[in-house]
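Student: Numbering of the sequence shown is given in my numbering, commencing with residue 8 and proceeding in unit increments. Questions regarding the structure given below will be posed in turn.
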Amino acid sequence: MNRVQQYIWEQDLLKNYKNTRNGMVGADYSSKFSIWLANGCISPRYIYQEVKKYEKERIKNDSTYWIIFELLWRDYFKFVAIKYKNKLFYKNGIQGLDINWNQEINYFELWKNGKTGYPLVDANMRELNSTGFMSNRGRQNVASFLNKNMWVDWRMGAEYFESILLDYDPESNYGNWQYSAGIGNDGRQFRVFNITKQSNDYDPEGIYIKLWIPELKNVPKNKLFEPWKLNKEEQKEYGVIIGKDYPEPILDYFETMSCSFSGEFKALEKSFIDELSEHLSPIPLASNAYIYKYTQGHKLIDLPRGGYIIKTSVGNIQYGIPPETIKDSITLKLDVPTNFIIPSKRFDIIANLNVAEFEFPAYYNYFIHKKKINLICDIETKECIRNAFQETLCGPISHENLAEDFYYTYPVSGYPDFKKERKILSGAIHDSQYDSNVDSLLSFQVFENNKIILKEDDNIVEIQKYREQNSNSFYFKFIDNGQTVANILDELDVFQGFKVKIAEEFYKVDDVCQEQKQQTIQQQINPQIKKITDIVQSSSLEKRGSKFNIPINIEARNTFRPPDFGVTVLGNSHGFDPCGHTTGFVLWIYGKGIMVDPPPFSNDYLKNMNIMPQTISAVIITHCHADHDSGAFEKILLQSKIEVITTRTIMNSFVRKYSNITAMSEEKIKKLFVFRPVIIGSSMKINGGLFNFFYSFHVIPCIGFDVEVMGKSIYFSADTFYDPIRLKKYFEWGYLQKERYSQLALINFDKYDLILHEAGVPPIHTPLSSFKHLSQQARENLYILHIAEKDLKNQEGFKTMKEGIENTIVIYQRNTNQQIDHLKTLDLISNIDIFSSLTVKNVRYLLDCLQIEKYDKGELIFPENSTGNKFYVIKSGLVKCFSKSNQNFESFIGPGDYFGEISLIDEMKQRKASAKAEKKTTLLSLERHDFQFLFSEGSNILNKLKKLTQARKQFVIVYVEKNNFLNSLDKNQKVSLEAIIKEKQVQKDECIWKQGQIPNLVVIIKSGKLLFIKQDNLAKICDSGEFIGESLCIIKKQPAVTSLKAIKDIQSNQIIINDEDPLVCSCLIEEPTTLCF
8 MNRVQQYIWE
18 QDLLKNYKNT
28 RNGMVGADYS
38 SKFSIWLANG
48 CISPRYIYQE
58 VKKYEKERIK
68 NDSTYWIIFE
78 LLWRDYFKFV
88 AIKYKNKLFY
98 KNGIQGLDIN
108 WNQEINYFEL
118 WKNGKTGYPL
128 VDANMRELNS
138 TGFMSNRGRQ
148 NVASFLNKNM
158 WVDWRMGAEY
168 FESILLDYDP
178 ESNYGNWQYS
188 AGIGNDGRQF
198 RVFNITKQSN
208 DYDPEGIYIK
218 LWIPELKNVP
228 KNKLFEPWKL
238 NKEEQKEYGV
248 IIGKDYPEPI
258 LDYFETMSCS
268 FSGEFKALEK
278 SFIDELSEHL
288 SPIPLASNAY
298 IYKYTQGHKL
308 IDLPRGGYII
318 KTSVGNIQYG
328 IPPETIKDSI
338 TLKLDVPTNF
348 IIPSKRFDII
358 ANLNVAEFEF
368 PAYYNYFIHK
378 KKINLICDIE
388 TKECIRNAFQ
398 ETLCGPISHE
408 NLAEDFYYTY
418 PVSGYPDFKK
428 ERKILSGAIH
438 DSQYDSNVDS
448 LLSFQVFENN
458 KIILKEDDNI
468 VEIQKYREQN
478 SNSFYFKFID
488 NGQTVANILD
498 ELDVFQGFKV
508 KIAEEFYKVD
518 DVCQEQKQQT
528 IQQQINPQIK
538 KITDIVQSSS
548 LEKRGSKFNI
558 PINIEARNTF
568 RPPDFGVTVL
578 GNSHGFDPCG
588 HTTGFVLWIY
598 GKGIMVDPPP
608 FSNDYLKNMN
618 IMPQTISAVI
628 ITHCHADHDS
638 GAFEKILLQS
648 KIEVITTRTI
658 MNSFVRKYSN
668 ITAMSEEKIK
678 KLFVFRPVII
688 GSSMKINGGL
698 FNFFYSFHVI
708 PCIGFDVEVM
718 GKSIYFSADT
728 FYDPIRLKKY
738 FEWGYLQKER
748 YSQLALINFD
758 KYDLILHEAG
768 VPPIHTPLSS
778 FKHLSQQARE
788 NLYILHIAEK
798 DLKNQEGFKT
808 MKEGIENTIV
818 IYQRNTNQQI
828 DHLKTLDLIS
838 NIDIFSSLTV
848 KNVRYLLDCL
858 QIEKYDKGEL
868 IFPENSTGNK
878 FYVIKSGLVK
888 CFSKSNQNFE
898 SFIGPGDYFG
908 EISLIDEMKQ
918 RKASAKAEKK
928 TTLLSLERHD
938 FQFLFSEGSN
948 ILNKLKKLTQ
958 ARKQFVIVYV
968 EKNNFLNSLD
978 KNQKVSLEAI
988 IKEKQVQKDE
998 CIWKQGQIPN
1008 LVVIIKSGKL
1018 LFIKQDNLAK
1028 ICDSGEFIGE
1038 SLCIIKKQPA
1048 VTSLKAIKDI
1058 QSNQIIINDE
1068 DPLVCSCLIE
1078 EPTTLCF
C-alpha cells in the first residue's frame, strides 16, 4: 500500500504513466505494482479505486486510462485460463498451431545468460538474472527474439520466467508468452520485434545497455546497437573485441525473422510482420508476405523471389539470379553478393524466366562499390554470358546497317553515333579509363574437376558439384574452412507453392512388382500424390516474383474496360529500388493494349486483373537492359505470335542476347513473334494511333516515341539524358551534329497532352533540374518515371503516375470513335488461330456474316445437349462453359476466345457443354451454313478443327486446365496441345518405351498405374494424374536408361513430340526425367 501511495499521490507519477511506461532504467518509469499483485499483497480493486479517486481529485487523462487498461489485461488472462484450462501450457497453444519449435539447450542458454550478441536482448536478460525483474518493453523484445528468431520452444522461456520473476503470475506469464509465440488468442500471430529499431526507440542514448553491458561502455551510441559491424580498428579503439569481450551475434536477425519450418505456418496466411514497416512495408505483406526459409546454422537464405544466398567467410555467395533478387538483398539488409553461381539451366522455360539475370548485380557492384562480380559456371555458360552482356552493356559491336532504321529522306547527319554517344555519357570521351567493357564488370570462375576455390585473406571456401547415386540431379556442396555449411540442388524453384517431382525415391523392381505389396509401397513412396483433381486444389505454380507485383484492386478488376486512348503504368521506378517496380506501362489505343517495356511478372498482374492476353496486341522494346526487356521476352513466350515493335538494330541485339541466355537459336526465337520494324523519320499507323519514333540519348540504342489519337497526343522519352544546357555544350564542343542535337534538345513539350519522361542519376539519365525550364502547361502534363518515390517526394511540383489499372489515365473513354468498330472486329478475329489462314476475300465475307449478340450476367447462351447451329467469338465479357455429365467440366473464357465449333463439325450436332454469360457479354456469332462455307471440306483449317473436336469430345481440356503446369500455357498453345494429344489404351505389361529406345512422347495417366523402371533394378509406381517424360533423352535424341510399362490396363493421354508446335513441345520436355503435377 505504501508503494501505491508513493507512486500515485506522493510523487504524483501516475499522470505521466503512459509516457514513461516503456522506460527501462530506474524504479519509477512504471508502477511496479505487479510484484505486490502477484504475491497477494494488494488487490487490483484497491488500485482501481485509488486511480478513480485520482481522476476525480487531480486529473483524468490517457495515463489513468492506461493503468486501468493494464489491470483489465491482467484479469483478461485470468478468464483465458478459466476458459482454456491446461491448453495454457500446451506446446501448440490455445490455437492448436503445430509449430516445430526447437529445444536446443545450448542455444537457449546463450539467451538465458545474455550472450546472444544483440545488446538490447542481453541487457534485459542480465537485468532479469540480477534483479528478478524486467520492464514490459524488455519482456516483449526478449520473448520475440527467443520465439521468432531463435525458434526455441516458447515454454522454455515461460518456465525460465516462472523460475526467476519476482512478479510471476501463471496466467499472465503463460498467456503473454503464447501471445508472443503467435499461438495465443491474439490475431497478430506473426508479431516480430525489430531489435535494432527497438533499441533506437527506447534506449536512444544507450544508457540502459551500457548499464548492464559494461564491456560496451565506450562504444558510441550510433554504433552501439549493432556492435558486430565494428571493424578491427574500431574494436581496438573502443576496447571491445567482438567474439572475445562481447559475443558475436548467434543469428542473423532478418534471415531468421520469419522462418517457415517446411510450411508449418499455413495457418498464418493472414499474419503480418509487426514493427518492420520501416524496412519492408513497401513490399506487399499480409497475405502476400513471403515466409523466409530457416536453415540449421543460419547459413542459407532462401530469397523471396527465388535463389539462395549462402553465408561464408569469404562473403555471401548467391545461387541463381531470377529478376530483381538484388532487391531482396537490399530489403533484407544483406550485403549484395559479388560471387554468383549460375544454374546449369539458366533459363526456366516453364516460368519463362531468366534465372541468371546478372546485369543489375553487376551494375550495382561496379557503379556503387567499384567491384566486379564473379560468375561461377561452366565454359559454355561463360561464353554465352559474355556475348549477352556485350549487347546489354555496350550495345551491338557493329552498326553497319543503321540506315535500315531510318526513312530514306532522313538526313544521315541526324543518325546517332552510338559508340561516341556512349563515350560522352560515360565520360570516356575525356578520359579513356571510364570506357568500361564486359571485363570491367565481370570475372569468371569455371568449374575444373567439378570444383572451384574462393579465397579471401586466410579464408578458403570450396564449392563442389556432384551427382548423387541413382539420381540425374546435380548438387552443390559448400565447404567453408573445412566445414560443410550447405548443400543445395542445382535447380532453381521459381514457383510459389509446390511442384512435385518423382526423381529421387526408387525401390527395387522385385518389391514393387509384388502384387500384395503394391498398395503399401504406393503409400510409402507417394503419400503426397493424389489424383489430379485433388492436386490442383492445393497446388499453385504462381511465380515467387509475382508476390511483389502491384496489389490487386478487386473493384477495378471487375469494372475496368480498356479506353480508346490512355495509359496504365505497371511500374514507375528503377531496378535498384527495393520498394518499387521497374518502369513499364500499357498504352491503350481503341481498346487494345501495347505493352511498353513490361516489367518482370507484369503479365501475371494483368492476368490477375482479368485482362485477357488477346487484349494486348503488341510489345514495344525500347532497349536491351534487363529491367526493360525481360518482361518483353516473357510476354513473347506467353503469347504466340505477338507483334514486337522496335528498330532492326535493337531487335537484332535483343535476339542475340536472348539466344545466348536461353540457348535457343536465333531462328527459333524469331519464329515466336511477328516483328514490326520501326522506321524513324516516318509516321507509323499502329492500332489506329499515329506513332513517331526517335533514338534517345542513352548508353546503348534506345527508342522513344510520341503517339497521336483523334487529335490528342502522348510523349514518352524512354531512358535518355535530357539536359538542354549540357546538350548544347556537347554540340558546341563538336560531340553532336546539329540535326542530332536539335532532335535531342529542342523538344516542344507544349504540344503534348501527356508527357511521360524518365529521370534519374545523370549523365545516363535525366536530372530533375532539367524540367524546371518547362512551361507551366508542360509541367502540368508531365509525369516522371524511372525514379524512386523517396527521391521524388521532396521535389516540389513533380509527380509520378500511380501504378495499377485503377489509376489509368484516360484521354478518351471507350467507344469514343464508333467508326473504328470494324477495325476492332477485324483485329479480334485476326488473333484467332483458326482464322489465321483465311484469304482477304474470305475475311471480307466473314465480317459480313458475323452477327452481334448480347447477354446479361447469368443468362444462358445455350444448354448442354441442345442442337448447335452457331459458332461464337467473345467480343467482350466472360463466358462459363460447363458440363455436369462430362467429368463436371468447367472453363472460363474471355475476349478473343471462341466456342461452339464442335457441334458444327460433329455429325451428332449436339452441344457437349452449356455456356452461360458470367457478366454482361457481347458475342460475335456465325451461322452453321456460313461456317461451312468458310471452312470447306478438305481444308487445312477444317482438318485441324476435326482433330480438335475429337480431343474436346474426350474432354482432354480437363487435364490441361486442371494441370497447373499445362495450364500455364497460353490459349493458342493449349489449343495446339489439345490437337496433338492422343488418347490411348495401354495393355497390362505393355511398354510405352523400353531401356535403350529413344523416347518421343510424354504421358498423362488418366486411369491405372504405370511402372517407371530405372537401370533395371530400381522402380516406382506412377498413378492417375501424373505427367511423365524422359526430357533429356527426347531433347538430345539419346537412348533412355529407363522403361515405362503398364502394371494393369490403363487409359492415357500421350503427346508425341515433333515440330507441330515448337514452343509447346519445348515447354513439355524442358523438365528432366519424370514429372508429376
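Beta carbons are placed, not taken as given, at the ideal position from N, Cα and C, and that holds for glycine.
Which residues does DSSP pair with Y370 in a beta bridge?
Tutor: The residue you call residue 370 lines up with position 363 of the sequence shown. Looking at the DSSP assignment, Y370 forms no beta bridge with any residue, so it has no partner.
Student: I need the boundaries of the beta strand (DSSP E) containing W108, first residue and last residue.
Tutor: The sequence position of residue 108 within the sequence shown is 101, counting from 1. No beta strand (DSSP E) contains W108, which DSSP labels as neither H nor E.
Student: List the whole-angstrom C-beta distance separating S637 from E364, where the pair is believed to meet the contact cut-off of C-beta under 8 Å.
Tutor: As a working note, residue 637 is residue 630 in the sequence shown. As a working note, residue 364 is residue 357 in the sequence shown. Indeed they touch by this definition, with Cβ atoms about 7 Å apart.
Student: Would you check if the distance between the CB atom of F451 and the CB atom of I317 is smaller than 9 Å?
Tutor: Taking the sequence shown and counting its residues from 1, one reaches residue 451 at position 444. Taking the sequence shown and counting its residues from 1, one reaches residue 317 at position 310. Result no, Cβ atoms of F451 and I317 do not sit closer than 9 Å.
Student: Roughly how many angstroms separate the alpha carbons of E934 and L911, rounded to a whole number?
Tutor: As a first step, residue 934 is located in the sequence shown; it is residue number 927 there, counting from the start. As a first step, residue 911 is located in the sequence shown; it is residue number 904 there, counting from the start. If I take the Cα positions, the gap works out to 9 Å.
Student: Identify whether S294 lies in helix, strand or coil by the three-state DSSP scheme.
Tutor: The count along the sequence shown starts at 1 and reaches residue 294 at position 287. Only weak support exists for where S294 lies, its pLDDT of 26 falling under 50; the value from the coordinates is given anyway. Helix.
Student: So T629 and C709 are supposed to be a Cβ contact under 8 Å. How far apart are they, rounded?
Tutor: As a first step, residue 629 is located in the sequence shown; it is residue number 622 there, counting from the start. As a first step, residue 709 is located in the sequence shown; it is residue number 702 there, counting from the start. So it is a contact: roughly 5 Å between Cβ atoms.
Student: Tell me whether the stretch 1047–1057 and the stretch 995–1007 touch, counting them as touching only if at least three CB pairs, one residue from each stretch, are closer than 8 Å.
Tutor: Yes, the stretch 1047–1057 touches the stretch 995–1007.
Student: Could you check how far apart the C-beta atoms of L789 and L781 are, in whole angstroms? I think they sit under 8 Å.
Tutor: Counted from its first residue, the sequence shown places residue 789 at position 782. Counted from its first residue, the sequence shown places residue 781 at position 774. The pair is a contact, with the Cβ atoms about 7 Å apart (cut-off 8 Å).
Student: Contact between the stretch 725–738 and the stretch 751–760 is defined here as three or more beta-carbon pairs at a separation below 8 Å; is this criterion met?
Tutor: Verdict: yes, contact present.
Student: Any idea if K306 is buried or exposed, counting beta-carbon neighbours within 10 angstroms, 16 or more meaning buried?
Tutor: Counting from 1 along the sequence shown, the entry for residue 306 is found at position 299. It counts as buried.
Student: Roughly how many angstroms separate the alpha carbons of N876 and S898, rounded to a whole number?
Tutor: As a first step, residue 876 is located in the sequence shown; it is residue number 869 there, counting from the start. As a first step, residue 898 is located in the sequence shown; it is residue number 891 there, counting from the start. Spanning the two alpha carbons is a distance of roughly 21 Å.
Student: Starting from the Cα of E765, find the closest Cα among F592, I900, L409, M602 and give me that residue.
Tutor: The residue you call residue 765 lines up with position 758 of the sequence shown. Residue F592 is the option with its Cα nearest to E765.
Student: Assuming G638 is part of the beta strand (DSSP E), what are its boundary residues?
Tutor: Sequence index remark: in the sequence shown, residue 638 carries index 631 (1-based). Counting along the chain, G638 falls outside any beta strand (DSSP E), though it belongs to the alpha helix (DSSP H) covering 633–645.
Student: Do K472 and D446 have their C-beta atoms within less than 9 Å of each other?
Tutor: Sequence index remark: in the sequence shown, residue 472 carries index 465 (1-based). Sequence index remark: in the sequence shown, residue 446 carries index 439 (1-based). No; because the gap between Cβ atoms is not below 9 Å, this pair is not in contact.
Student: Considering just the uninterrupted stretch of the beta strand (DSSP E) at L594, what are its terminal residues?
Tutor: For the purposes of this step, residue 594 is taken as the residue at position 587 of the sequence shown. 591–596 is the span of the beta strand (DSSP E), which, as asked, contains L594.
Student: Please confirm whether N7 and R144 have their CB atoms less than 9 Å apart.
Tutor: Here the chain comprises residues numbered 8 to 1084, so residue 7 is not present and cannot be evaluated.
Student: Nearest by alpha-carbon distance to I467: which of D604, I495, V321, M132 is it?
Tutor: Taking the sequence shown and counting its residues from 1, the one referred to as residue 467 is at position 460. Of the listed residues, the one whose Cα sits closest to I467 is V321.
Student: In the structure shown, what three-state DSSP assignment does R133 receive?
Tutor: Against the sequence shown, residue 133 aligns to sequence position 126. Looking at R133 - three-state DSSP - the assignment turns out to be helix.
Student: Roughly how many angstroms lie between the CA atoms of N148 and I1011, to the nearest whole one?
Tutor: As a first step, residue 148 is located in the sequence shown; it is residue number 141 there, counting from the start. As a first step, residue 1011 is located in the sequence shown; it is residue number 1004 there, counting from the start. Their Cα atoms are separated by approximately 53 Å.
Student: Taking all protein chains shown into account, decide if Y415 is buried (16 or more other Cβ within 10 angstroms of its Cβ) or exposed.
Tutor: Within the sequence shown, residue 415 is the residue found at index 408, counting from 1. Counting Cβ neighbours within 10 Å, Y415 comes out exposed, since fewer than 16 surround it.
Student: I need the DSSP call for N323, collapsed to helix, strand or coil.
Tutor: Position 316 of the sequence shown, counting from 1, holds the residue named residue 323. N323 falls in the strand class under three-state DSSP.
Student: Taking C384 as part of the beta strand (DSSP E), name the residues at either end of that continuous run.
Tutor: The residue given as residue 384 occupies position 377 in the sequence shown. Segment 380–384, the beta strand (DSSP E) holding C384.
Student: Distance, Cα to Cα, C586 vs A795?
Tutor: Taking the first residue of the sequence shown as position 1, residue 586 is located at position 579. Taking the first residue of the sequence shown as position 1, residue 795 is located at position 788. If I take the Cα positions, the gap works out to 8 Å.
Student: Bridge partners of Q994, per DSSP?
Tutor: Position 987 of the sequence shown, counting from 1, holds the residue named residue 994. Answer is none; Q994 lacks a bridge partner.
Student: Can you tell me whether DSSP reads K427 as helix, strand or coil?
Tutor: For the purposes of this step, residue 427 is taken as residue 420 along the sequence shown, with counting starting at 1. Helix at K427.
Student: In chain order, which alpha helix (DSSP H) runs of at least 4 residues are fully inside the stretch 838–873?
Tutor: Here the runs fully enclosed are 847–856.
Student: On the three-state DSSP scale, how would you describe H437?
Tutor: As a working note, residue 437 is residue 430 in the sequence shown. Coil at H437, not helix or strand.
Student: Would you mind sorting T727 into buried or exposed? The rule is 16 or more other CB atoms within 10 Å of its CB.
Tutor: Residue mapping note: residue 727 aligns to position 720 of the sequence shown, counting from 1. Counting Cβ neighbours within 10 Å, T727 comes out buried, since at least 16 surround it.
Student: State the DSSP-derived secondary structure class of E832, mapped to helix, strand or coil.
Tutor: Mapped onto the sequence shown, residue 832 falls at position 825. In the sequence as presented, Glu is not what sits at residue 832; that position holds Thr. Looking at T832 - three-state DSSP - the assignment turns out to be helix.
Student: Between which two residues does the beta strand (DSSP E) containing M691 stretch?
Tutor: Taking the sequence shown and counting its residues from 1, the one referred to as residue 691 is at position 684. First-last of the beta strand (DSSP E) with M691: 691–693.
Student: Just curious, the beta strand (DSSP E) that Y482 is in, first and last residue?
Tutor: Here the question's residue 482 lines up with position 475 in the sequence shown. Y482 -> beta strand (DSSP E) spans 481–487.
Student: Determine the burial state of P227: buried for a count of at least 16 other Cβ atoms within 10 Å of its Cβ, exposed for fewer.
Tutor: Translated into the one-based positions of the sequence shown, residue 227 becomes position 220. So P227 counts as exposed.
Student: What are the start and end residues of the alpha helix (DSSP H) that includes M602?
Tutor: One-based indexing of the sequence shown puts residue 602 at position 595. That residue, M602, is in no alpha helix (DSSP H); its beta strand (DSSP E) goes 599–603.
Student: State the beta-bridge partners of R655 as determined by DSSP.
Tutor: The residue you call residue 655 lines up with position 648 of the sequence shown. For R655, which the question treats as bridged, DSSP gives no partner whatsoever.
Student: Smallest Cα separation from R683: which of K664, M658, F701, T669?
Tutor: As a working mapping, residue 683 is identified with position 676 in the sequence shown. The residue with the shortest Cα to Cα distance from R683 is M658.
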